[in-house]
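*Asks:* This is the structure I want to talk about, given as structure tokens.
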Amino acid sequence: MRRITIAITIALALPSAAQQLTADEAVRISLENNYGVRIARNAAEQAKLANNPGAAGMLPSVDLNGGYSVDNAGTTQEFFTGEKREADNANAQVINGEVELNWTLFDGLSMFAAKDRLEALERIGEIQLRQELERTTYSVLSAYFLLVQLEKAVQVQREGMQTSRDRLRIVEMGERIGSSSGLDLVQARLDLSADSAQMLNLMQRTATSRTALNKLLARDPGTAFEVDTVIPLAEQLDLATVRKAAMDANTALQQAREERVVADLSVKELRGILLPQLDGFANYGYLRSTSEVGFLKSSQRLGPQYGLTLSIPLFHGGAVKAVKQAKLTGEQADLSMQQVQLELERELLDTWEQYGNAMQRVSLEEANLGGSRMQMQVALESYRIGVTTAVQLRDVQQSVVAAENRLLTAQFEAKVAELQLKWLAGNLL
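Taking our numbering, the leading residue of the sequence shown gets 4, the next gets one more, and so forth.
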């Protein structure tokens, strides 16, 4: 028993030299280091870079072309006049170079739909980044306040163990003077042992919770730190205000709306394939050719060339079906958006019920706890003078510990429900 008590005392004292970590600091560290956040940031940046006029096909292409060729083949030429020319290894050379510009001037408005689609995809990237920031913030704060709750539970258990030690000392003294039986002494030791086992269990859960929080912060799981000693009281929220904010700012709903926009723009983009396309071209080039056999000994061209090309699609296999498929994708996106909104409303109401229930339990447990603590003091003093039995003292002791833990649980659940409501409303950050 003495070994267990010493081990628990040492374990409780070890974290005292660790660095203090506040909830805000934990969130800051996680948003800087968390791998999920970093991946989401990169994805959002990729979507931003992809949103440009060139990717939508709105900009021209400019190319520099050049070539040089030599032909030394044997040549035989016979003309209508009867003249015949023959040459072995007749040399012919061609050298050319040009700067060429091609620009799609009209493509059935597909390029404008593509640009709008890229802008919507960029917004989706930003929304997904915010989703990851919110998810990480919620996870970190929930883990942080769980650790606060567990450390408070350790403190409550330690106070309960002190009562068990006081009872053991009273029984040991009573046995020496003959007022207590050996059975009372055995039972007191068994109860203290049970309390010690519960303490070790709580310490294990606390250590696991601490490691989990370090993992969320993307740092060494063994990093030592201290957390706050109390869970902040949950804020008083209004359901109508939270619901309105959720319909406007919830990231899951925002993403579903943007995906509906992307689906509509994809239909417009595909329809452009069925419309005429007008392209403009221009180049400035140089061409020189020489030949030992043929009509011309040499030829040279230098200057600009420009014009327009009109392409009218008569048949584009699969384009009509592609448009129909895109329309179906749009209908699916619309159904998904409605489903997300319905799920959001359900989750909002469920979380609100949890929040209200936890807040009421906090008020009730706070009102009852003072009386329970006073009852514990009275029961211990009564036990000292022999008015209260060991069983009655144990019942009161366990009742106080249970009341303390119920309050801690209610405070934690109220805080987590508050965080979840803010997350659903899009104002957790």
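A virtual CB, placed ideally from N, CA and C, is assigned to each residue, including glycine.
Being a predicted model, the structure only gives us computed values, none of them experimental.
Can you tell which of W355, S339, M164 has its C-alpha closest to the C-alpha of A243?
*Replies:* Nearest of W355, S339, M164 to A243, Cα basis: W355.
*Asks:* Under the DSSP definition of a beta bridge, which residues are partnered with V189?
*Replies:* V189 has no beta-bridge partner at all, per DSSP.
*Asks:* Please classify Q230 as buried or exposed, where buried requires at least 16 neighbouring CB atoms within 10 angstroms.
*Replies:* Strictly speaking, residue 230 in this sequence is Val, with Gln absent from that position. By the neighbour-count rule (16 or more Cβ atoms within 10 Å), V230 is buried.
*Asks:* Going by DSSP, what residue range makes up the alpha helix (DSSP H) through D337?
*Replies:* Here the alpha helix (DSSP H) through D337 covers 322-387.
*Asks:* Mind checking which residues open and close the alpha helix (DSSP H) that includes I42?
*Replies:* 38-53
*Asks:* When DSSP labels each residue in this structure, what does K118 get in the three-state scheme?
*Replies:* helix
*Asks:* Using only the alpha-carbon positions, how far apart do F415 and Q152 sit?
*Replies:* Taking the straight line from one Cα to the other gives about 7 Å.
*Asks:* Taking the continuous alpha helix (DSSP H) assigned at A285, which residues delimit it?
*Replies:* No alpha helix (DSSP H) holds A285; the beta strand (DSSP E) holding it covers 280-294.
*Asks:* Any contact between the segment 220-239 and the segment 325-333? By contact I mean 3 or more CB pairs, one from each, below 8 Å.
*Replies:* no
*Asks:* Could you tell me which of A428, L24, A21, Q23 sits nearest to D241, measuring between CA atoms?
*Replies:* For the residues A428, L24, A21, Q23, the minimum Cα distance to D241 belongs to A428.
*Asks:* Could you name the residues that DSSP lists as bridge partners for G310?
*Replies:* DSSP, once it has assigned bridges, lists F284 as partnering G310.
*Asks:* Can you give the Cα-Cα distance for L172 and A191, rounded to whole angstroms?
*Replies:* A quick correction: the sequence has Arg, not Leu, at residue 172. The alpha-carbon atoms of R172 and A191 are separated by roughly 9 Å.
*Asks:* For T12, which residues in the same chain have their Cβ closer than 6 Å to its Cβ, ignoring the five residues on either side in sequence?
*Replies:* Since pLDDT at T12 reaches only 46, below the 50 mark, its modelled position is unreliable, and no value is offered.
*Asks:* So if DSSP puts F109 in a beta bridge, which residue, or which two residues, is it bridged to?
*Replies:* L281
*Asks:* In angstroms, rounded to a whole number, what distance separates the CA positions of V174 and K155?
*Replies:* Going by the C-alpha atoms only, they are around 29 Å apart.
*Asks:* N68 lies in the beta strand (DSSP E); which residues open and close that run?
*Replies:* 64-74
*Asks:* Taking just the CA atoms, how far does L150 sit from D119?
*Replies:* Using only the alpha carbons, I get a separation of about 46 Å.
*Asks:* Let me confirm a value: G163 is counted as buried when at least 16 other C-beta atoms fall within 10 Å, else exposed. Which label applies?
*Replies:* buried
*Asks:* Can you look up I9 in the DSSP assignment and give me helix, strand or coil?
*Replies:* Any reading at I9 must be qualified, since the residue scores a pLDDT of 41, below 50, and its modelled position is unreliable; no value is offered.
*Asks:* Taking the continuous alpha helix (DSSP H) assigned at V403, which residues delimit it?
*Replies:* 393-428
*Asks:* So, helix, strand or coil for E86, using DSSP?
*Replies:* coil
*Asks:* In or out: M377 buried (at least 16 other Cβ within 10 Å) or exposed?
*Replies:* exposed
*Asks:* Could you pull the DSSP bridge partners for G100 from this structure?
*Replies:* G69, Y289
*Asks:* So, are the CB atoms of A259 and V343 less than 8 Å apart?
*Replies:* yes
*Asks:* I need the straight-line Cα distance from V270 to Y289, nearest angstrom please.
*Replies:* 44 Å
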